[in-house]
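J.: One structure coming up, written as structure tokens, with questions to follow.
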Amino acid sequence: MSKVFVLDHPLIQHKLTRIRDKNTGTKEFRELVDEVAMLMAFEITRDLPVTEVETETPVTTAKTKELSGKKIGLIPILRAGLGMVDGVRKLIPAAKVGHVGLYRDPETLKPVEYYIKLPSDISERELIVIDPMLATGGSANDAIHSLKKRGAKHVKLMCLIAAPEGVEVIKEEHPDVDIYLAAIDEKLDENGYIVPGLGDAGDRLFGTK
Ligand code: PRP
Ligand code: URA
């Protein structure tokens, strides 16, 4: 069964409030999304394995810890997922990045895949699928199926805001995938937008409309 983590750290929640505010402009929106992604990455990587090593400090030899080399892959869903990648990479600079291009058909709300480019060794990597919005869940669900079809074995999903409907879809379709969120909102509106949400994440990140 998927575990759902809502990262209610005060810094994340404060920044998320600013992100939601309709008066926050593109520049600040982008910066805040980047910062929240970095803060979330701290929690998402909490279970990475470490090994003990010996380190010569200027004072003595000490037993210390380092990451035991589990390889990570970041998979932003285009286009809004791009807004969170750099924040995560600040903490995991060695992660490889694959891209899944999906857009949601405005009539049917079904995702349409238009691009995919992944690291060759995804089956050996711990993958973090990144998208600010988990609304109907269609896009994240398709992206994860696409990754699994190509050999992915370990997948986590990271979003800023989810609707309960989207969370249920991922739990049902991918019980092996844990979900990391900054908030679970109330519902979807008739156009499939998250309420209260933040509006259209891609448009707000890139200044389009
Ligand atoms: C948004 C968002 C997700 C998707 C979520 O992308 O970034 O990918 O909608 O909705 P869902 O859970 O109902 O599938 P959008 O299709 O607007 O494309 P964009 O990122 O290119 O703007
Ligand atoms: N995609 C968005 O960008 N925002 C929503 O509220 C739902 C889907």
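Here the sequence shown stands for residues 1 to 209, numbered as in UniProt numbering.
Using N, Cα and C, we set each Cβ at its ideal position, and we do this for glycine too.
Just so we're clear, the structure is a prediction, and the values are computed from it rather than from any experiment.
(1) In angstroms with no decimal places, state the Cα-to-Cα distance between T136 and K117.
(2) Return helix, strand or coil for L7, following the three-state DSSP convention.
(3) Does the region 148–157 touch the region 115–131, meaning 3 or more C-beta pairs lie closer than 8 angstroms?
(4) Could you name the residues of the same chain whose beta carbon sits closer than 6 angstroms to that of A62, not counting the 5 residues immediately before and after it, in chain order?
(5) Check the DSSP bridge columns for T51 and list the partner residues they point to.
(6) Have a look at T24 and R18 and give me their C-alpha separation to the nearest angstrom.
(7) Assuming L205 contacts V195 under a Cβ cut-off of 8 angstroms, what Cβ separation, rounded to an integer in Å, is found between them?
(8) Quick one: what's got a C-beta closer than 6 angstroms to L160's C-beta in the same chain, skipping five residues either side?
(9) On the CB-based measure, 16 or more other CB atoms within 10 Å of its CB, does L74 come out buried or exposed?
(10) Spatial neighbours of T26 within its chain, please: C-beta separation below 6 angstroms, excluding the five flanking residues on both sides.
(11) In angstroms, rounded to a whole number, what distance separates the CA positions of K3 and G138?
(12) Under 6 angstroms Cβ to Cβ from T51, same chain only, skipping five residues before and after it: list those, please.
(13) Please indicate yes or no: does the CB of R30 lie closer than 8 angstroms to some heavy atom of the ligand GDP?
(14) When DSSP labels each residue in this structure, what does T61 get in the three-state scheme?
(15) Of all Cβ atoms in chain C, is any one closer than 9 angstroms to the Cβ of F206?
(16) Rounded to whole angstroms, what is the Cα-Cα separation between G166 and G202?
(17) Among D200, P49 and P111, which one has its Cα closest to the Cα of E66?
(18) Hey, how far is the Cα of residue 227 from the Cα of V36?
(19) For the beta strand (DSSP E) holding K156, just list the boundary residues, first then last.
(20) Does residue 213 come out as helix, strand or coil in the three-state DSSP assignment?
(21) On the CB-based measure, 16 or more other CB atoms within 10 Å of its CB, does K90 come out buried or exposed?
T.: According to the structure shown:
(1) In the sequence shown, residue 136 corresponds to position 136, counting from 1. In the sequence shown, residue 117 corresponds to position 117, counting from 1. Spanning the two alpha carbons is a distance of roughly 24 angstroms.
(2) The residue given as residue 7 occupies position 7 in the sequence shown. It is coil, neither helix nor strand.
(3) yes
(4) If you number the sequence shown from 1, residue 62 lands on position 62. Closer than 6 angstroms at the Cβ level, and outside the excluded window around A62, lie T55.
(5) Position 51 of the sequence shown holds residue 51. Answer is E66.
(6) The count along the sequence shown starts at 1 and reaches residue 24 at position 24. The count along the sequence shown starts at 1 and reaches residue 18 at position 18. Between T24 and R18, the C-alpha separation is close to 7 angstroms.
(7) Residue 205 sits at position 205 when you count from the first residue of the sequence shown. Residue 195 sits at position 195 when you count from the first residue of the sequence shown. In fact, because the Cβ distance is near 20 angstroms, the residues do not count as touching under 8 angstroms.
(8) Taking the first residue of the sequence shown as 1, we reach residue 160 at position 160. Excluding residues within five positions, the ones whose Cβ falls inside 6 angstroms are P132 and A182.
(9) Working through the sequence shown from its first residue, we reach residue 74 at position 74. Buried.
(10) By one-based count along the sequence shown, residue 26 stands at place 26. Within the same chain, T26 has close Cβ partners G207.
(11) Within the sequence shown, numbered from 1, the residue matching residue 3 stands at position 3. Within the sequence shown, numbered from 1, the residue matching residue 138 stands at position 138. C-alpha separation (whole angstroms): 19 angstroms.
(12) Reading the sequence shown from its first residue, position 51 is the one you call residue 51. Result list for T51: S68, in chain order.
(13) Ligands displayed in this structure: the ligand PRP and the ligand URA; the ligand GDP is not among them.
(14) For the purposes of this step, residue 61 is taken as the residue at position 61 of the sequence shown. Looking at T61 - three-state DSSP - the assignment turns out to be strand.
(15) Of the protein chains in the structure, only one exists, and it is not chain C.
(16) Your numbering for residue 166 matches position 166 in the sequence shown. Your numbering for residue 202 matches position 202 in the sequence shown. Those two C-alpha atoms are separated by around 18 angstroms.
(17) Within the sequence shown, the letter at position 66 stands for residue 66. When each option's Cα is compared against that of E66, the closest is P49.
(18) Only positions 1 to 209 of the chain appear in the structure, and residue 227 is not among them; the question remains open.
(19) If you number the sequence shown from 1, residue 156 lands on position 156. K156 -> beta strand (DSSP E) spans H154 to A162.
(20) For residue 213 there is no data in the structure shown, the boundaries of the chain being 1 and 209.
(21) In the sequence shown, the residue the question calls residue 90 occupies position 90. So K90 counts as exposed.
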